[in-house]
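Working notes, structure below.
Residue numbers (UniProt numbering): 1 to 928.
Structure representation (structure tokens):
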């Protein structure tokens with residue numbers, strides 16, 4: 001027994017080592033910094049150093065959003081991404097969706113989203129935002145962002161095709177893991193929605209979420225670690241004003257000189273959050289929106305015939321002004337004025353004006369100076385109030401204030417900070433990180449640590465801390481109980497004990513979880529299935545958990561009696577107080593729909609490539625006809641090809657809309673066949689085609705077909721020899737049935753199809769045609785003889801490729817036939833073992849540790865059955881026509897199990913209610 005255990009452990013270590021080996025070699029992480037206006041992405045892997053994923057137009061950041069436009073009478077949908085969609089927005093505003101990040105976790109659209117997406121048509125119901133583009137399907141925010149994620153992932157895979165994770169089943173997945181940046185102020189509903197989006201995008205391997213300011217902090221210390229003193233706390237602030245919001249984080253970093261470094265690591269660092277402040281509505285878009293209003297007023301000053309309320313309803317006008325305002329903001333960051341000129345702004349009316357930097361600063365200076373400073377001030381206040389640092393951290397303790405985010409380039413924002421810091425501290429302001437890419441680069445570095453399959457040269461450890469309080473209430477009227485307090489480290493778990501007597505006369509209890517004094521979710525626990533504990537030493541243990549992605553949940557509930565715990569399975573989510581996550585059905589339906597769109601887009605690409613190739617072939621054919629010497633070639637061949645080229649070029653220009661790939665390939669094949677006929681005729685003029693040669697061809701082909709029949713007869717005899725064994729084991733069907741119906745791998749199935757078609761072609765077409773030619777050899781045309789010889793040469797090549805196939809197929813099917821016999825023998829053996837198990841149950845035998853032998857045997861049987869099922873599933877996965885059990889079937893099975901459990905619970909409840917002598921609920925606990 002001990003020897004077998006050692007062998008099994010050794011095998012397990014070997015398997016784990018192999019899996020880690022393959023993962024280590026090919027692990028590749030995609031880091032997505034998905035912003036409101038732009039997305040910045042990076043990739044890092046064993047085969048690739050940290051690098052930025054470029055957009056399709058080779059830019060280092062890409063527009064975040066999507067264009068969806070119906071086509072072919074609303075039957076299909078055209079999709080577009082990146083900077084192209086900004087041009088679409090001016091012409092088709094109802095089909096372009098920008099700033100989707102602003103809607104994550106929300107039940108309804110915001111004013112800022114509406115301002116930047118004028119013309120978009122909503123179809124929102126039941127607290128779910130959906131968009132209407134005129135098709136039957138209404139698009140949710142989750143679907144739109146998931147499609148944008150798909151685009152980002154596909155773009156990364158296209159740029160870095162060598163970063164492939166080779167799994168043991170030989171399936172290639174270019175990117176092994178995904179990591180996303182989120183603002184630290186994101187609450188649970190935003191984080192749950194992002195999880196749904198990742199699942200809809202069909203990317204299962206997610207490393208989770210990382211605070212974007214933390215990512216910038218990691219990027220900063222990775223680059224500047226040599227400036228840090230050993231074993232001394234260094235404090236710095238990340239001040240991030242992006243397009244959507246303003247965030248400031250106070251970090252403490254420690255350089256650990258005594259840490260044991262792994263191979264290739266040069267330093268060990270620990271970064272810890274010690275202060276935080278934010279304004280989630282103050283960012284670049286806020287300034288742009290103010291500029292938009294200012295420019296509209298300038299337009300109205302020059303064009304008094306227009307009414308402001310009418311202009312604000314004109315989508316094309318507003319979208320043009322928004323783009324002008326955005327460009328104006330960027331130019332004024334480096335220049336003192338911006339000359340605006342918009343051609344045909346409205347009603348073919350051109351508009352031009354000048355906006356100065358001073359005018360822009362006057363707009364924001366009067367109202368927003370305090371808001372620009374508040375998050376920075378809050379980092380110090382929260383450092384002492386929430387994060388409770390032993391030392392009072394002030395500006396004097398700060399080594400740097402890192403400016404990041406595109407809006408920190410606005411001169412007025414920098415000036416406000418300089419004025420606040422004064423001459424003594426203004427030198428703290430630092431532009432030492434790339435304000436656009438610091439998040440995604442730090443995100444990738446953090447992803448390496450989270451995946452933990454390969455090393456980054458700076459080993460950066462993170463101490464994550466909460467910025468909100470997380471509390472629990474039993475039933476609505478009870479007092480709140482703190483579970484995880486702001487400033488505490490996460491992830492973590494907390495267990496609370498409640499006396500059973502507290503729940504006397506209650507059939508259920510509600511557990512309400514809150515985040516920052518806002519109710520999130522209401523769990524319902526049914527108590528009527530719990531039996532009474534015979535002693536007073538009983539309690540209800542509730543385990544609360546907060547995950548690394550900061551999701552607050554009830555992990556499990558146990559009833560305790562005499563130090564023995566029983567897990568309760570009657571806990572359900574009764575309702576959400578915030579935006580509810582999507583159901584499994586909704587996620588599955590969205591995945592299916594997006595998959596269908598992806599497949600259609602792939603078909604469009606294939607069709608476009610086929611049309612381009614066909615057009616190129618037509619022009620090459622025209623050149624071929626102009627250059628060829630036609631004296632010895634029949635005029636009919638030349639004229640037929642010339643006509644076909646002219647007709648097909650006209651078809652491409654006027655009639656190819658709505659065509660299929662098959663239509664194009666059929667026409668393409670016709671052209672190539674005609675060209676080949678002409679070339680073959682030219683070759684035939686110099687080729688010997690005598691009777692002896694064709695007699696040899698006939699003999700070669702018929703001999704091979706005869707040998708094949710003999711081989712098949714030998715194989716059949718071998719199979720039939722298994723009949724006696726089948727009858728002995730009472731196996732359903734005959735050996736021949738099992739042999740013929742063997743599931744084939746996709747490769748073998750394809751080869752078998754090709755082989756069958758080849759043999760059929762030879763028997764039914766080639767040999768009869770060859771026989772006719774030999775009988776009428778002198779009357780046959782020379783070109784016909786040459787074409788038949790070409791057919792023979794093609795068949796000969798095919799036969800050479802398939803020469804070993806019949807034997808390979810026979811061995812494969814024979815192995816499957818033998819495995820059927822072995823499987824039946826195992827089944828009979830298990831039946832005998834089960835009979836012995838029943839005997840063991842009667843005797844109640846135990847091993848030396850007091851474990852029931854029957855349990856050990858039963859678990860062994862279950863593992864054996866599960867292993868065989870898994871082996872069979874793995875085998876079938878690679879076979880032709882394999883259809884895995886879909887989600888609907890699995891969900892039906894889960895629902896059926898739930899119904900059975902519910903029915904049992906109802907039976908227990910009914911029994912208790914019918915028991916007149918039962919004055920109180922009795923508690924009974926199973927032993928662990």
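Positions of the beta carbon are idealized from the N, C-alpha and C atoms, including for glycine.
Given a cut-off of 8 Å, decide if residue j and residue i are closer than it, judged by their beta-carbon atoms.
| i | j | result |
| --- | --- | --- |
| residue 159 | residue 324 | no |
| residue 570 | residue 526 | yes |
| residue 598 | residue 281 | no |
| residue 476 | residue 512 | yes |
| residue 129 | residue 118 | no |
| residue 435 | residue 409 | yes |
| residue 934 | residue 705 | There is simply no residue 934 to check, as the chain begins at 1 and stops at 928 in what is shown. |
| residue 39 | residue 216 | no |
| residue 633 | residue 682 | yes |
| residue 69 | residue 133 | yes |
| residue 364 | residue 290 | yes |
| residue 821 | residue 746 | no |
| residue 781 | residue 773 | no |
Which whole-angstrom value is the C-beta distance of residue i and residue j, which I expect to be below 8 Å?
| i | j | result |
| --- | --- | --- |
| residue 238 | residue 255 | Not confirmed; about 18 Å, so no contact. |
| residue 542 | residue 496 | 5 Å |
| residue 274 | residue 383 | 5 Å |
| residue 524 | residue 193 | Wrong, their Cβ atoms sit about 23 Å apart, outside the cutoff. |
| residue 813 | residue 742 | 4 Å |
| residue 182 | residue 136 | About 33 Å; that fails the 8 Å criterion. |
| residue 270 | residue 461 | 4 Å |
Leaving out the 5 sequence neighbours to the left and right, which residues in its chain are closer than 7 Å to residue i when beta-carbon positions are compared?
| i | result |
| --- | --- |
| residue 30 | 41, 43, 153, 156, 175, 178 |
| residue 469 | 482, 485, 486, 516 |
| residue 457 | 264, 265, 266 |
| residue 388 | 487 |
Take residue i and list the residues in its own chain whose beta-carbon comes closer than 8 Å to its own, dropping the five residues that flank it on each side.
| i | result |
| --- | --- |
| residue 943 | No answer is possible for residue 943: the residues shown for the chain start at 1 and end at 928. |
| residue 802 | 751, 754, 755, 758 |
| residue 295 | 321, 324, 325, 328, 340, 353, 355 |
| residue 399 | 234, 235, 236, 428 |
Quick check: what's the CA-CA separation for residue i versus residue j?
| i | j | result |
| --- | --- | --- |
| residue 122 | residue 147 | 19 Å |
| residue 503 | residue 509 | 8 Å |
| residue 823 | residue 735 | 14 Å |
| residue 201 | residue 591 | 7 Å |
| residue 545 | residue 272 | 21 Å |
| residue 438 | residue 305 | 48 Å |
| residue 537 | residue 449 | 45 Å |
| residue 106 | residue 244 | 15 Å |
| residue 842 | residue 834 | 13 Å |
| residue 701 | residue 804 | 16 Å |
| residue 87 | residue 361 | 29 Å |
| residue 697 | residue 670 | 28 Å |
| residue 108 | residue 95 | 19 Å |
| residue 329 | residue 567 | 59 Å |
| residue 761 | residue 665 | 22 Å |
| residue 548 | residue 582 | 21 Å |
| residue 703 | residue 797 | 16 Å |
| residue 809 | residue 832 | 35 Å |
Per DSSP, residue i is paired with what?
| i | result |
| --- | --- |
| residue 472 | 481, 513 |
| residue 638 | Answer by DSSP bridge pairing: none, since residue 638 is not bridged. |
| residue 354 | 339 |
| residue 275 | 250 |
| residue 430 | 402 |
| residue 499 | 539 |
| residue 31 | 42, 179 |
| residue 461 | 270 |
| residue 554 | 544 |
For residue i, verify whether its CB is less than 7 Å away from any heavy atom of the ligand PLP.
| i | result |
| --- | --- |
| residue 341 | This structure does not include the ligand PLP; it has no bound ligands of any sort. |
To which residues of the same chain is residue i closer than 6 Å at the C-beta, ignoring the five residues directly before and after it?
| i | result |
| --- | --- |
| residue 219 | 433, 438, 441, 442 |
| residue 339 | 354 |
| residue 197 | 142, 145, 146 |
| residue 576 | 521 |
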